[in-house]
Each structure stands twice: as C-alpha cells, then as structure tokens.
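Shown next, in structure tokens, is the structure this report addresses.
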Amino acid sequence: RNRNRKFLEKYQSSVKKEILKVVDYKLAVFKHKRPVAEVTVKYNNEEICVKTVGVGPVDAVINAVKEAIKSKDTLDIGLTDFNVEIDTKGTDATVEVKMELRDKFQNRITSIGVSPDIIVASIDAFEKGYNVLYAKNNP
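Heads up, the sequence shown is in this note's numbering, so the first residue is -13 and it goes up one at a time.
Printed below as a string of structure tokens:
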C-alpha cells in the first residue's frame, strides 16, 4: 500500500500546471431532500460557479465540479471507482479517499485525497486525478 501511495504522490506532484482548482464550495444537506452543492472552480484561470444536487454530499460536490467544467472539458472525465479508508478512530479521524478517474481515451488514474473532512478529501482527489489526466493528454 505504501509503495502504491508513493508512486501516486510522485505522479501527481509531477503536474506542472493545475488546469482545475476548486476555489470554494458550499453544501446544504437535508434529511428528506437531496443535498445541494455550490462550487466555484478555476478552470484554466477562468472562475466558474455552479450549483447541482447529488444522491449524497460527495456526489453533489463532484457533480457540481463536473458541471462547472463540462463545456470546457475535452477529456470527458468519468469517476469509475471511489474508496474511503479511515485509519484512526473517533469523530476527528483522518479520511483517505481514493478515486479512479478515466478519460475518453480510456486513460485511468487513481488519485488520493487526505483530510479530516471527507468532502475536502474527495475534492482533492478529483482535482489531482483530473490534473494528471489533463497533463497526460496535453504535454
């Protein structure tokens, strides 16, 4: 597991330019309605704000990010796997999110985000994976 993590971190850190960055997000979660996420992203230095819903809070935020870049994204990035691990105990535990992303050329990357907040870890993993796939397709 550590060897795989070091490889992913090295690969992710090799990205010279972040084309996608989530600047901020706001999330509303309800007991009897679908969660609503509003995100502000910077895509190639253009700021875009979008609001969407999801089946859960992580889904709502990732849907909003994908919707924000939809008209500019030439890679048609899809989320093909999502995994959450919690290595510590308690409500202040650190969460590790692993996402596998795939582009329209069938390139795949597994990216990792780590945070005490599952939403932040998920955003981080999506950003990293997207930026790696973008760099791979735009050398």
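Glycine is no exception: its CB is placed at the ideal position from the N, C-alpha and C atoms. In this text, all values refer to a predicted model and were calculated from it rather than measured experimentally.
Between the CA atoms of residue j and residue i - distance to the nearest angstrom
i      : j    : result
T77    : T66  : 28 Å
E19    : G40  : Sequence check: residue 19 is Lys here, not Glu. Cα to Cα, the separation comes out at about 10 Å.
N(-10) : K37  : Bear in mind that a pLDDT of 49 at N(-10), under 50, signals an unreliable position, so the number given afterwards is only what the model happens to contain. Distance between the alpha carbons of N(-10) and K37 is about 35 Å.
V81    : I98  : 10 Å
N123   : K75  : 40 Å
I95    : L87  : 5 Å
S101   : A107 : 5 Å
K2     : K17  : 42 Å
D10    : V25  : 6 Å
A121   : I55  : 16 Å
G115   : I109 : 10 Å
Selection from the options that minimises the alpha carbon distance to residue i
i    : options               : result
V15  : K3, K28, E4 and V47   : V47
D103 : T26, L13, C35 and K7  : L13
V70  : A79, V83 and D59      : V83
E32  : D45, V8 and V44       : V8
F91  : K28, V27, G64 and V44 : G64
N30  : D89, D45, D59 and E53 : D59
Buried versus exposed call for residue i [16 or more other C-beta atoms within 10 Å across all chains shown]
i    : result
I5   : buried
A111 : buried
S57  : exposed
N117 : buried
G42  : exposed
P132 : Within the shown structure, residues of the chain are numbered from -13 to 125, placing residue 132 beyond reach of any answer.
D62  : exposed
Bridge-paired residues (DSSP) for residue i
i    : result
N69  : K84
E33  : K28
T96  : E86
L6   : Y29
A107 : Its beta-bridge partners do not exist; DSSP assigns none.
L13  : A23
G64  : R88
V39  : V22
Residue i beta carbon near the ligand GTP (any heavy atom closer than 6 Å)
i   : result
F91 : As presented, the structure is devoid of all ligands, the ligand GTP included, so that no description of it is given.
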